[in-house]
Structures are given as structure tokens and as C-alpha cells.
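Asker:
Protein chains: 2
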Amino acid sequence: MATISDVAKLAGVSVSTVSRIINNKPHVSPRKAALVADAMTKLGYSPLQAARQMRGSGSQTIAVTVPYITNPFFSELVAAIERTADERSYKTVIVQTFGQKSHELNALEFLKTNQVDAVIMCAIENDWDLIKQYSQYGLIGVCNEYVADPDVLMVHADQESGMYAGTKYLLNRGYRKLAFCTGQQDIRFNDNIEDLNSDRYRGYLRALREFDLEPSVEWQFTDVSTIADGQRVLQRIASMKDRPDAVIAGSDQVAAGIIAEAQTLQLKVPQELAVLGFDDQPLSQVVAQPLTTIHQPIHEIGDAIANMVADELEGDTIDTRQVIMPLSVVVRQSVA
Amino acid sequence: MATISDVAKLAGVSVSTVSRIINNKPHVSPRKAALVADAMTKLGYSPLQAARQMRGSGSQTIAVTVPYITNPFFSELVAAIERTADERSYKTVIVQTFGQKSHELNALEFLKTNQVDAVIMCAIENDWDLIKQYSQYGLIGVCNEYVADPDVLMVHADQESGMYAGTKYLLNRGYRKLAFCTGQQDIRFNDNIEDLNSDRYRGYLRALREFDLEPSVEWQFTDVSTIADGQRVLQRIASMKDRPDAVIAGSDQVAAGIIAEAQTLQLKVPQELAVLGFDDQPLSQVVAQPLTTIHQPIHEIGDAIANMVADELEGDTIDTRQVIMPLSVVVRQSVA
DNA sequence: TTGTAGGCGTTATCAC
DNA sequence: GTGATAACGCCTACAA
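First to last, the sequence lines map onto chains A and B. Numbered by full-length UniProt numbering, the letters in the first sequence go through residues 1 to 336 in order. Numbered by full-length UniProt numbering, the letters in the second sequence go through residues 1 to 336 in order.
1) Which residues in chain B sit within 7 Å of A:P282, going by Cβ to Cβ distance?
2) For A:F180, count neighbouring C-beta atoms within 10 Å of its own C-beta (all shown protein chains included) and say buried if the count is 16 or more, exposed if not.
3) Compare the Cα-Cα distances from A:E300 to each of A:P282, A:I318 and A:P326 and report the closest residue.
4) Which residues in chain A have a C-beta closer than 7 Å to the C-beta of B:K112? List them in chain order.
5) Looking at the unbroken alpha helix (DSSP H) that takes in A:H299, where does it start and where does it end?
6) Can you tell which of B:M40, B:Q266, B:T84 and B:V269 has its C-alpha closest to the C-alpha of B:I4?
7) Quick one: complete alpha helix (DSSP H) runs, 4+ long, within the segment 191-251 of chain B?
8) Could you check whether the Cβ of B:G257 sits closer than 8 Å to any Cβ belonging to chain A?
9) For B:Q263, I'd like the list of residues in its chain whose CB is within less than 7 Å of its CB, leaving aside the five on either flank, ordered along the chain.
10) Might you give, ordered along the chain, the residues of its own chain that have their beta carbon closer than 7 Å to the beta carbon of B:I259, omitting 5 neighbours on each side?
11) Going along the UniProt domain "HTH lacI-type" (2-56) of chain A in order, which residues come within less than 7 Å of chain B, judged by CB to CB distance?
12) Over what stretch of residues does the alpha helix (DSSP H) that includes B:S328 continue unbroken?
13) Any C-beta of chain A sitting closer than 8 Å to the C-beta of B:E82?
14) Could you check which residue in A:Q253, A:T292 and A:T182 has the C-alpha nearest to that of A:F221?
15) Just by C-beta distance, which residues in the segment 64-79 of chain B are closer than 8 Å to chain A?
16) List the residues that DSSP assigns as beta-bridge partners of B:M121.
17) Give, in chain order, every unbroken run of the beta strand (DSSP E) that is at least 3 residues long and sits entirely within the UniProt domain "HTH lacI-type" (2-56) of chain A.
18) Within 10 Å of its beta-carbon, does B:S16 have 16 or more other beta-carbons around it, so buried, or fewer, so exposed?
19) Report yes if the CB atom of A:V36 is closer than 8 Å to the CB atom of A:A2, and no otherwise.
20) In this structure, how does DSSP classify A:D96 when only helix, strand and coil are distinguished?
21) So that I know if they touch, is there some Cβ in chain A lying closer than 8 Å to that of B:I187?
22) Mind pulling the chain B residues with CB within less than 9 Å of A:A260?
23) If you draw a straight line from the C-alpha of A:D149 to the C-alpha of A:I140, how long is it?
24) By the 7 Å beta-carbon criterion, what residues does the segment 90-103 of chain B contribute toward chain A?
25) One question on the structure: do B:C143 and B:V152 come within less than 8 Å of each other, judged by their Cβ atoms?
26) Hey, is the segment 206-224 of chain B in contact with the segment 164-176 of chain B, meaning 3+ C-beta pairs nearer than 8 Å?
27) Using the three-state DSSP reduction, which class does B:L153 fall into: helix, strand or coil?
28) If you check the beta carbons only, do B:D223 and B:Q253 fall under 8 Å apart?
29) I'd like the span of the beta strand (DSSP E) that includes B:I294, first residue to last.
30) For the segment 86-96 of chain B against the segment 23-36 of chain B, do three or more pairs of beta-carbon atoms, one drawn from each stretch, fall closer than 8 Å, so that the two count as touching?
31) Between the segment 110-123 of chain B and the segment 48-65 of chain A, do three or more beta carbon pairs fall short of 8 Å?
32) When DSSP labels each residue in this structure, what does B:Q322 get in the three-state scheme?
33) In or out: A:T65 buried (at least 16 other Cβ within 10 Å) or exposed?
34) Hey, B:T292 and B:V331: beta-carbon distance below 8 Å or not?
35) Establish whether the CB of A:Q115 and some CB of chain B are separated by less than 8 Å.
36) Check each candidate in B:L267, B:V309, B:M308 and B:S328 and name the one with the smallest Cα separation from B:D280.
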């Protein structure tokens, strides 16, 4: 493990000169620069991160928080972010929160201790007021989440319009008895809350009301997010006397579970029950009835936030700090 | 940011006493210990990693390398490892290699610079001889890969037997014209190589030979690993004059792609073409014909390697350094 | 049992 | 343009 003074010694200069060159600061003669560059490669030298961190220098590293990396939506998102970060020569560390505030705080602590220059939050567990305090230690970007703060770098899709379009599509096709699934624990909707799920619910309501319909409490399913959850949803639907004629799954995972279980229970999709997915993941093409779903531009979202964060880190002026990506319905076969 | 000397000052003791308490070393009076504990919580103090790293102390962090986090097999594996590491109070950082040697080396460099105490490699890109050199800086565990070195901590599934069982199952059901898919670039099989793919191929051959069959070069597909790859495989099969009657997909992803494309091309599974998956992921239950596949105990594998690594880090003596998990065929509907 | 002092590798400040 | 030197926060001999 060569150190900076090893390099200095070999190049016949002082450590400060080497340091200047490493961090390409001015006031260095080309001659010595060459000498040092030579010594560095000869020794295979690279600066020790830990020492830099102690000095409070940058780490060229970005942390990304996600709830669960096993959720394909997030693994794709992380992959996109990491790919772009890589191009900009930033390293990436992935932090799973498992929906726990403490894990999220761990990631934020990285900022405090200079382990990372920025954190991109693809899920938010703690109150924003708490999180915001960490921005004195480094940059915080928000991705796929909502924060009512015009200063933060934020990229997300237009969930309201997306869900509105999806619901409208079902309505236009003649469906009237719509079931609604959400990943959240309970539908705590109110007009003041700005978050992904409320936004989706808002879009759902807007479409419904255009048809003078009200949401049915009976047909609302909360806390569903996996394939297995989808299977359970369909079982409950199948056992109802008054069944919905369509179900808004909230994710392709859930939609896939619903369709698979429908198949085993011999319930015909879309004839007896239409299923609308969300995300448009590869999965949506391989289920028994390929999913009509709402396409999310995951890679564009990831690229955008990563580039914005990198820009800000490099001191570039950023014109728009918040970008909202459009969502659109992809028609396949799970809706008639 | 409270430092150790802030704590010392507040507690009215010296920094060394605080340090001893933090690292629960002997020779501390309970009275002072209480004082210090008090001061620590009052200040919200936590030791700065960077400073510890510079001293060469442990980081309580384990790096995990995977080729692509978007591959559900690996995201599940990582999740299992992280969960167990978390229980043992180790932090985890995920490093994607993207199949590139340089990215893998990055993870290994973490060892050198004390950023992590251990790295668990779930994919191996570089030569083992090169990798092994890094074990002077920290612990290296191997997961889901093969290394001919009795000293290394290693956990993987018995791919040979798994593939043998799967192939045998097809053979026993009367299939004789077996196609074979693999994720590797080309089938460079030889008896000396010990790796996951060779091992699988070995199992495939063993079963074939029991039926006096030879592998068909015509029906071997290399470099296939995604759903889209699977779709392409089916297209090629569909266009053949002499078609296989069964295909060993190598992964559930590929199997799902094959089945989806078969559906659009109106080719009946399993009547006209049987499909055997590998992994037994949730996906395998939602395709048009639920997959007959080979179950991999992903969580057990992840738990095992994480526990072994944690044990070794904590100086426990380890009885068996290599564990091989059994694989078994799960019968569903993609094979008649 | 406790405290003091030195050093880990780097960068920034100050002289020259 | 260049080079000493003092921090950064922590741990560990060594001394008391």
C-alpha cells in the first residue's frame, strides 16, 4: 500500500506537490507533474479514501436507498442510476431500508461522515424535516417520491395522470366495477398529502368521478405488493358474491399473481375479470394474459436523477430542479 | 459531530478510557463506564468510520459482489445475505460487476483500504490467483461459485446433481431430443474446469449418457440469460426443420421467455415442446404454463455464507469451510 | 485502572 | 512554484 509520501519520495518532490497534482490544483510545473505521474503508476498508488474522508474531502460516491432490492422496479431503477453514475465516474452504494426508518438514517449518516457525497432516496421513510437536516452535510436527491420542497433535486413520474389514464381506459372499455390495489398499509388519502400513493389515488378518483362513480370500499385492497399478495387478492375476489369486473393491480407483480391464481381457479381473464398492471416490467409479457399496464420510464428516471445529482456535485448550475416524467397505457391482453 | 474527546470531556475521563469502553476492552471501572455511556448518548456520539479505517480497525461491513442486481436470482441472494448480516450487526454494500474484471477489483480494493472486513463474491470475473492475493487484507468468501481451494469459505448448490436430476426427469418422461441453454458465451467444457456452468453441463452429459445419447450441437444455445433471450431461443427453435422436443432453459427467466413466445407462435407447451426451468423463482408460478424447474435454496445459501463469514470474522472456529446444498426438481406443468 | 502521546494518509495553510 | 507542518478522529503502546 503505497502512500502519498512514497510517491513524493520516488518522484523527488514534496507531498504537497503530489497532492496538488492528484487534485489537479494550479501551481505545478509540467516537469514535476510528469515525474509524479510516473511515480504514481510505478507504485500503483491510489489515495486512501478513509484519509480523505477524515479531511472532509469528497468520496466520489453516491448512496442510493431503496425499500427492497428484490422488487424488480427498484433493482431496475438502481441499475439505471448506477450505470449513469458510473459514466460520470461516481461509485454507487445501495442501501436497502426494508421500510425501516433506522436503515434510512444509516444512509443519511454516510453523508455526515463523508462516506458519500450524495444520497439519492428512492423511498422515504422518515419525515422530510428530519431528512432535510442532513443536507447540510451533503446533497440529497429524491427519486420516485414526492417532497414539497422546490429546492430539492427530484425526479418522478406523473403518477396521478398515469393512474387517471389507466382508470379512464378501463372505464372507456365499459368496466364500471373497479377494484383498487395499493402497496400502502391503509388508504390514508387526503388532498394535502403529496406522495406517490395519494397521487395515484387522486388520479383514480378523478377518472371515476368523470363517470359519476364512487370508489367501493369493499373492493379496495391494501398492503399488496408481491406476486403472492396478488394471488391472495384474487382468492378474495373469487369468493365475493358481488365481484368487481376489473382490478387495478398497482404493480405488474400483483397483476401477475392475480392472473396466475385466476388461471388455477378457472376464472377467465379478461372476460370475467380485467386486470390492469403498473410499471410495464419484462414480467408483464410472460404471464398467461400479457398485461395491459402503465409504462414507467424507469431508465429515464434513473438517468435523470443521477445526472442531476452529478451536475450539482460538480457545481454546474441546474435549470430545472424537478422533473416529472409522463406515464402511458400499454395495451396488451389482460383488459378486453 | 461529537468526537471521542467531546465525550471524554463531558464524562470527565480521558479519551483512552472512552475508547476502551467503545471497544469493550477490559480494565474499566463500572463507575466510569456508566459516566461515559451517559455522555455518549447525551451527545449522540458514534465513532467516525473513516478514522477507524485509517487506524486499520474493522468496519463491520461486508461487500457482496454480483454480476447484475437486476437478475432476480442475485437480488434474492443479496437480500438473504444482507438480512443475515444485519442480524449479526454487519453492514452490507452491494457491488455490481457488470461482468467486468475492473468492477470486481474495486470491491477487492475495499478490503485493502479497510472499507470492508470481508467480501462475499457471488460471481467471479478475475483469475482466482489474482483474487486470492487480496485475502491478506481481509476475508474472502465465495457464494454460488466454484473455487478449487479447500481453505476458502464457500457455499454453493450442487449444480451437477441438479442438472443431472432435471435432465434425467425429462429423459424418464420420454423426451429424447433435448435442447440446452446456458448463460455463458460459449460452451468451453472440459473435465478439469470447476465452475457452475461446467458442473451443470457435466450433470447434463451424465444423464444423457445413461440413455446412450450425445448432446446435439445444433440444439445448444449460448449466451442466453434474460426473458428476451428466451424469446429469441424459441423463435430459432420454431424455425427448425428438426426440432427438439424439450428445452433445458438454464433459468426461469429464459424459460418464461420461451413459453411466452411459444404462446404467441401458437406452439403448444408441453405437448410440442417441454420446458425445464432452473432456480424456482416466484416468476415460475405466473407464466402461462407454470414451470417445472429445479429449485435452488437461495435463502439458505445466502444465510449460510453470511453466517460463515461472520463466524470467521469473529474468530470462531469453523468446522466445515465448504457447504454444498442439494437441488431438486419441482414438478409443475411445463413438462408433460 | 487510568492518562498521555504518537501516528495512521491526506489536504490546507502558510512560509519561502 | 514548492515545501514544511498542522490538523482531521481514532486507537494503542507506554507510562503512571
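For glycine and all other residues, C-beta sits at the position ideal for the given N, C-alpha and C.
Answerer: For this structure:
1) I227
2) buried
3) A:P326
4) M1
5) I298 to L313
6) B:M40
7) 196-210 and 227-238
8) yes
9) A288
10) V269, V275, V287, A288, Q289 and S334
11) L48, Q49, A50, A51, Q53 and M54
12) Taken as a continuous stretch (DSSP letters only), B:S328 belongs to no alpha helix (DSSP H), being part of the beta strand (DSSP E) at S328 to V330.
13) yes
14) A:T182
15) Y68, I69, T70, P72, S75, E76, V78 and A79
16) B:T65 and B:V142
17) none
18) exposed
19) no
20) Rather than Asp, the amino acid found at residue 96 of chain A in this sequence is Gln. Correct three-state label for A:Q96: strand.
21) no
22) Q285, V286, V287 and P290
23) 12 Å
24) V93, I94 and Q96
25) no
26) yes
27) strand
28) no
29) T293 to H295
30) no
31) yes
32) strand
33) buried
34) yes
35) yes
36) B:S328
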